[in-house]
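Each remark here refers to the structure printed beneath this line.
Residue numbers (our numbering), protein chains in the order written: chain B, 1 to 266; chain A, 1 to 285.
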């Protein structure tokens with residue numbers, strides 16, 4: 001029931017964001033120079049930022065970009081973690097030890113610091129779209145070690161399962177066993193890992209953006225929208241500045257409750 | 001295997017991990033597409049000739065082996081070389097900032113733990129309403145560190161310690177709650193309750209000794225969480241600590257400082273990881 005409510009809430013948010021973007025006359029980058037830092041009006045429902053860009057449209061675009069980017073990055077990271085975990089579980093012990101050591105090297109540095117380091121080393125002249133892609137690719141590329149450890153432990157437990165031994169005895173090759181038997185069993189591990197990664201990546205992007213290392217302007221993102229909170233002139237004029245953070249919390253709570261429910265029932 | 005050997009093996013592995021983290025940082029920084037990017041490239045006042053000179057300057061530090069040899073030499077000389085950004089010895093730069101960050105970390109972690117334990121102990125013993133009581137921590141988990149820090153500045157309430165404590169508390173509460181819930185439901189606890197032992201006695205004599213090994217592992221997690229949050233917190237609150245230095249080094253591609261900060265962070269994470277070893281030691285004792 002909770003899972004269904006969370007999914008419906010998320011769908012409503014996404015559909016709402018798509019409709020807002022579709023009906024907006026100028027898009028997320030259009031500037032209304034006559035009404036910069038404007039409060040609520042019939043034209044701009046939640047006001048505008050310091051460049052006169054409509055906040056409703058930008059928040060909607062940030063929601064879609066954040067959700068799409070984080071989902072793609074989470075899918076990529078789960079795939080990497082799955083391959084890594086399976087490779088470690090089905091390799092000779094010294095290879096497994098080496099692979100686990102490699103994941104430990106990644107885990108030996110705080111994730112946000114590692115992300116910040118990798119993200120900031122891109123060229124200074126990257127386009128906004130490139131920065132968006134780079135941000136989420138970096139998230140995917142550095143987010144796998146913890147997932148891989150979980151999948152490795154799960155796969156290791158399944159490796160010695162009776163049906164695996166019987167499969168081997170029946171002459172099935174490792175690839176067939178993994179594809180036909182192991183992956184369906186691991187789905188209960190892979191799906192929660194994927195769902196946990198989505199809100200984690202959204203939060204990471206918001207933190208990177210708040211440090212000036214996220215998605216580049218004029219593309220809207222949660223991180224760049226949070227930077228608006230530093231503008232005291234804007235804060236004094238309108239309370240709608242808090243809309244992005246409020247919406248971000250709602251999205252994250254919905255995603256987390258959905259992930260928790262799936263994990264509980266898996 | 002007896003525990004001194006286990007400790008020695010773990011320490012060796014931690015040392016290897018730290019060295020690999022430093023080597024990985026060097027490789028990451030050196031092979032990143034923007035390693036040779038220079039903010040001066042964007043400045044129109046630099047003539048093409050000056051750009052060529054900058055390229056020549058970059059080519060002096062081109063190969064990984066050159067960088068590695070230079071780093072090893074600096075390390076053996078008892079330092080980490082000179083900061084490219086500040087033109088000051090890296091050891092001096094970091095040394096001055098460590099006490100500030102360590103104090104912030106210690107206060108934040110202790111505050112977070114107190115908050116999480118004080119909330120988790122009563123909530124875990126509840127039969128109903130636990131989800132509602134956990135709601136503040138669930139909401140805190142959904143707020144990015146940077147947003148939490150900005151909110152603190154805007155409301156003029158609290159500071160970096162409060163943000164760090166709230167973050168650690170939000171992360172640890174979830175684990176502590178499930179850990180303590182399991183402990184409260186164990187048969188010997190049920191019997192103790194049936195015999196009329198007070199909750200205080202139960203917690204002191206039965207719950208805490210049983211969950212101690214897991215608490216050690218949770219301490220490691222708290223330290224890693226706090227270290228990760230150190231950068232945005234110090235940057236937003238302009239605390240001149242290691243986190244702010246790391247951010248400045250990242251923004252200016254200051255490789256010697258980055259390697260030193262990575263080594264420091266890997267050391268803290270590595271030795272914090274060794275805290276989780278208490279479980280086999282306790283069992284052996």
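All residues carry an ideal CB built from backbone N, CA and C; glycine is no exception.
Check your understanding: So residue 162 of chain B is in the alpha helix (DSSP H); what residue range does that whole segment cover?
Key -> Start at 1 with the first residue of the first chain, and residue 162 of chain B comes out as number 162. From DSSP, the alpha helix (DSSP H) with residue 162 of chain B extends over 162-169.
Practice item. Would you verify that the beta carbon of residue 116 of chain B is, or is not, closer than 8 Å to some beta carbon of chain A? Key: The residue you call residue 116 of chain B lines up with position 116 of the first chain. With 8 Å as the cut-off, residue 116 of chain B counts as an interface residue toward chain A.
Practice item. Measure from the C-beta of residue 190 of chain A to each C-beta in chain C and report whether the shortest distance is under 8 Å. Key: Among the chains of the structure shown, chain C does not appear; the protein chains present are B and A.
Practice item. Note down, in chain order, each residue of its chain lying with its Cβ closer than 7 Å to the Cβ of residue 229 of chain A, except the 5 sequence neighbours on either side. Key: The residue given as residue 229 of chain A occupies position 229 in the second chain. Correct list, in chain order: 145, 164, 167.
Check your understanding: So with Cβ pairs under 8 Å, would you call residue 178 of chain A a contact of chain B?
Key -> Position 178 of the second chain, counting from 1, holds the residue named residue 178 of chain A. With 8 Å as the cut-off, residue 178 of chain A does not count as an interface residue toward chain B.
Exercise for review: Taking a Cβ distance cut-off of 8 Å, strictly less, list which residues of the region 139-153 of chain A are near chain B, in chain order.
Suggested key: 139, 141, 142, 143, 144, 145, 146, 147, 150, 151
Review point. Unbroken alpha helix (DSSP H) runs of length 4 or more, entirely within the region 88-159 of chain B: which are they?
Key: 93-107, 111-120, 128-142, 144-159
Review point. Where does residue 37 of chain B sit, in a helix, a strand or coil, going by DSSP?
Key: Your numbering for residue 37 of chain B matches position 37 in the first chain. Coil at residue 37 of chain B, not helix or strand.
Point to revise | Where residue 192 of chain B falls: helix, strand or coil (DSSP) | key: Position 192 of the first chain, counted from the start, is the residue given in the question as residue 192 of chain B. Three-state DSSP puts residue 192 of chain B in a helix.
Review point. Which residue's Cα is closest to the Cα of residue 235 of chain B: A:137, A:219, A:151, A:224?
Key: As a position in the first chain, residue 235 of chain B is number 235, starting the count at 1. Looking at the Cα atoms, A:151 is the closest of the given residues.
Check your understanding: Does any residue of chain B bring its CB to less than 8 Å from the CB of residue 123 of chain A?
Key -> As a first step, residue 123 of chain A is located in the second chain; it is residue number 123 there, counting from the start. For residue 123 of chain A, the answer is no, since every Cβ of chain B falls outside 8 Å of its Cβ.
Practice item. Taking a Cβ distance cut-off of 9 Å, strictly less, list which residues of the region 76-106 of chain B are near chain A, in chain order. Key: 101, 102, 104, 105, 106
Check your understanding: Thinking C-beta only, is residue 67 of chain A closer than 8 Å to residue 26 of chain A?
Key -> The residue labelled residue 26 of chain A in the question sits at position 26 within the second chain. The residue labelled residue 67 of chain A in the question sits at position 67 within the second chain. The answer is yes: Cβ separation under 8 Å.
**Study point:** chain A residues whose Cβ lies nearer than 8 Å to that of residue 206 of chain B
**Key:** Here residue 206 of chain B refers to the residue found at position 206 when the first chain is read from its first residue. In chain order: 144, 146, 147.
Point to revise | Cβ-based neighbour list, residue 258 of chain A, same chain, cut-off 7 Å, excluding 5 preceding and 5 following | key: The residue you call residue 258 of chain A lines up with position 258 of the second chain. Excluding residues within five positions, the ones whose Cβ falls inside 7 Å are 25, 29, 249, 250.
**Study point:** Coil, strand or helix - residue 48 of chain B by DSSP
**Key:** In the first chain, counting from the first residue as 1, residue 48 of chain B sits at position 48. Of the three classes helix, strand and coil, the one that applies to residue 48 of chain B here is strand, per DSSP.
Check your understanding: The alpha helix (DSSP H) spanning residue 232 of chain B covers which residue range?
Key -> Here residue 232 of chain B corresponds to residue number 232 of the first chain, with the count starting at 1. Per DSSP, residue 232 of chain B belongs to the alpha helix (DSSP H) from 232-237.
Practice item. Compute the beta-carbon to beta-carbon distance between residue 227 of chain A and residue 93 of chain A, rounded to the nearest angstrom, for a pair I have assumed lies under 8 Å. Key: Taking the first residue of the second chain as 1, we reach residue 227 of chain A at position 227. Taking the first residue of the second chain as 1, we reach residue 93 of chain A at position 93. Not really, about 18 Å apart at Cβ, beyond 8 Å.
Exercise for review: With 8 Å as the threshold, decide whether the Cβ of residue 111 of chain B is near any Cβ in chain A.
Suggested key: Stepping through the first chain from its first residue, residue 111 of chain B is reached at position 111. By this cut-off, residue 111 of chain B is an interface position.
Review point. What residues are listed by DSSP as bridge partners for residue 54 of chain B?
Key: By one-based count along the first chain, residue 54 of chain B stands at place 54. Answer is B:48.
Check your understanding: So the alpha helix (DSSP H) residue 32 of chain B belongs to, where does it begin and stop?
Key -> By 1-based counting over the first chain, the position of residue 32 of chain B is 32. Run containing residue 32 of chain B: none; DSSP gives neither H nor E here.
Check your understanding: Residue range of the alpha helix (DSSP H) that residue 204 of chain A falls in?
Key -> Taking the first residue of the second chain as 1, we reach residue 204 of chain A at position 204. Per DSSP, residue 204 of chain A belongs to no alpha helix (DSSP H) and is neither H nor E.
Review point. Does DSSP classify residue 89 of chain A as helix, strand or coil?
Key: The count along the second chain starts at 1 and reaches residue 89 of chain A at position 89. Strand at residue 89 of chain A.
Practice item. Output the distance between the C-alpha atoms of residue 208 of chain B and residue 24 of chain B, rounded to the nearest integer angstrom. Key: One-based indexing of the first chain puts residue 208 of chain B at position 208. One-based indexing of the first chain puts residue 24 of chain B at position 24. If you take the alpha carbons of residue 208 of chain B and residue 24 of chain B, they lie about 28 Å apart.
Check your understanding: Of the residues B:113, B:115, B:147, which one's Cα is nearest the Cα of residue 84 of chain B?
Key -> The residue you call residue 84 of chain B lines up with position 84 of the first chain. Of the listed residues, the one whose Cα sits closest to residue 84 of chain B is B:147.
Check your understanding: With 8 Å set as the bound, which would you pick, yes or no: does the beta-carbon of residue 155 of chain A sit closer than that to a beta-carbon of chain B?
Key -> For the purposes of this step, residue 155 of chain A is taken as residue 155 along the second chain, with counting starting at 1. No - not a single Cβ of chain B is within 8 Å of the one on residue 155 of chain A.
**Study point:** Cutoff 8 Å: residue 241 of chain A Cβ touching any chain B Cβ
**Key:** The residue labelled residue 241 of chain A in the question sits at position 241 within the second chain. Not closer than 8 Å to any Cβ of chain B, the Cβ of residue 241 of chain A fails to qualify, so no.
**Study point:** Exposure of residue 74 of chain A, with buried meaning 16 or more beta-carbon neighbours within 10 Å
**Key:** In the second chain, the residue the question calls residue 74 of chain A occupies position 74. Flag for residue 74 of chain A reads buried.
Exercise for review: Find the residues of chain A that neighbour residue 253 of chain B, judging by a C-beta separation of less than 8 Å, and give them in chain order.
Suggested key: Within the first chain, the letter at position 253 stands for residue 253 of chain B. Going along chain A in sequence order, the residues near residue 253 of chain B (Cβ under 8 Å) are 138, 139, 142.
Check your understanding: Would you call the CB atoms of residue 10 of chain B and residue 119 of chain B closer than 8 Å?
Key -> Counting from 1 along the first chain, the entry for residue 10 of chain B is found at position 10. Counting from 1 along the first chain, the entry for residue 119 of chain B is found at position 119. No, these two residues do not count as a Cβ contact at 8 Å.
Point to revise | C-alpha distance - residue 283 of chain A paired with residue 178 of chain A, whole-angstrom precision | key: For the purposes of this step, residue 283 of chain A is taken as residue 283 along the second chain, with counting starting at 1. For the purposes of this step, residue 178 of chain A is taken as residue 178 along the second chain, with counting starting at 1. For residue 283 of chain A, the predicted structure reports a pLDDT of 45, less than 50, and the residue's modelled location is therefore unreliable. A value from the coordinates is still provided. About 23 Å.
Point to revise | Interface flag, residue 32 of chain B vs chain A, CB-CB below 8 Å | key: Residue 32 of chain B sits at position 32 when you count from the first residue of the first chain. No, residue 32 of chain B does not count as interfacial toward chain A.
Check your understanding: Between residue 255 of chain B and residue 199 of chain B, what straight-line distance do the alpha-carbon atoms span, to the nearest angstrom?
Key -> By 1-based counting over the first chain, the position of residue 255 of chain B is 255. By 1-based counting over the first chain, the position of residue 199 of chain B is 199. Each residue's Cα considered, the two are about 6 Å apart.
Point to revise | Whole-angstrom distance between residue 225 of chain A and residue 194 of chain A, CA atom to CA atom | key: On the second chain, position 194 is the one that residue 194 of chain A refers to. On the second chain, position 225 is the one that residue 225 of chain A refers to. Going by the C-alpha atoms only, they are around 39 Å apart.
Point to revise | Cross-chain neighbours of residue 249 of chain B in chain A, by beta carbon under 8 Å | key: Residue mapping note: residue 249 of chain B aligns to position 249 of the first chain, counting from 1. Per Cβ cutoff of 8 Å: 139, 142, 143.
**Study point:** Backbone CA spacing between residue 204 of chain A and residue 211 of chain A [nearest angstrom]
**Key:** Indexing the second chain from 1 puts residue 204 of chain A at position 204. Indexing the second chain from 1 puts residue 211 of chain A at position 211. Taking the straight line from one Cα to the other gives about 11 Å.
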